[in-house]
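*Asks:*
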Amino acid sequence: MTVFDTLQAVVLALVLAASLLAAFRKLLPQTARRMQARLSSALDRPGRKASVRRLGRWLQPAEAKSGGCGSGGGCSTCGGCAPPTVPREVTMPLQFRPRGR
Numbered sequence: 012m013t014v015f016d017t018l019q020a021v022v023l024a025l026v027l028a029a030s031l032l033a034a035f036r037k038l039l040p041q042t043a044r045r046m047q048a049r050l051s052s053a054l055d056r057p058g059r060k061a062s063v064r065r066l067g068r069w070l071q072p073a074e075a076k077s078g079g080c081g082s083g084g085g086c087s088t089c090g091g092c093a094p095p096t097v098p099r100e101v102t103m104p105l106q107f108r109p110r111g112r
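Residues in the sequence shown are numbered from 12 upward in steps of one, following the numbering used here.
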């Protein structure tokens with residue numbers, strides 16, 4: 012195996028990994044955010060090196076950065092912040108019209 016073949020295999024593996032990650036985030040967004048939050052909290056623990064903690068803070072999902080509870084799953088995932096808002100049902104009467112012949 013030549014250097015070119017090795018480099019080609021590495022590049023293809025990176026492209027495949029990026030594609031799989033993008034598809035995972037697109038198809039399972041809540042699970043992806045939850046996993047990202049777990050990885051972030053595992054890296055951002057006291058006693059770790061500063062560079063690892065910085066990477067953990069960078070990986071933290073945007074919802075966890077702005078939310079008060081830091082759950083990482085978005086607002087109202089834990090049910091403790093606020094009751095979920097129920098959309099008001101809009102009703103419209105049926106209108107029957109005779110067909111023109």
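Glycine included, each C-beta is placed from N, C-alpha and C at the ideal position.
Under DSSP, the alpha helix (DSSP H) around F35 begins and ends at which residues?
*Replies:* Looking at the DSSP string, the run of the alpha helix (DSSP H) that includes F35 is V14 to L38.
*Asks:* Could you give the residue range of the alpha helix (DSSP H) that holds G67?
*Replies:* That run of the alpha helix (DSSP H) goes A61 to L70.
*Asks:* Should Q71 go down as buried or exposed, given a rule of 16 or more other Cβ atoms within 10 Å for buried?
*Replies:* Its Cβ being crowded by 16 or more others within 10 Å, Q71 is buried.
*Asks:* Considering only C-alpha positions, which residue in the set R59, F35, P57 and A48 is nearest to W69?
*Replies:* Residue A48 is the option with its Cα nearest to W69.
*Asks:* Would you say V26 lies against chain D (beta-carbon separation less than 8 Å)?
*Replies:* Looking at the structure shown, chain D is missing, and only one protein chain is on hand.
*Asks:* With DSSP run on the structure shown, which of helix, strand or coil describes R49?
*Replies:* Here R49 sits in helix by DSSP.
*Asks:* In angstroms, rounded to a whole number, what distance separates the CA positions of L101 and A33?
*Replies:* The question names Leu, but residue 101 is Val in the sequence shown. Answer to the nearest angstrom: the Cα atoms are 37 Å apart.
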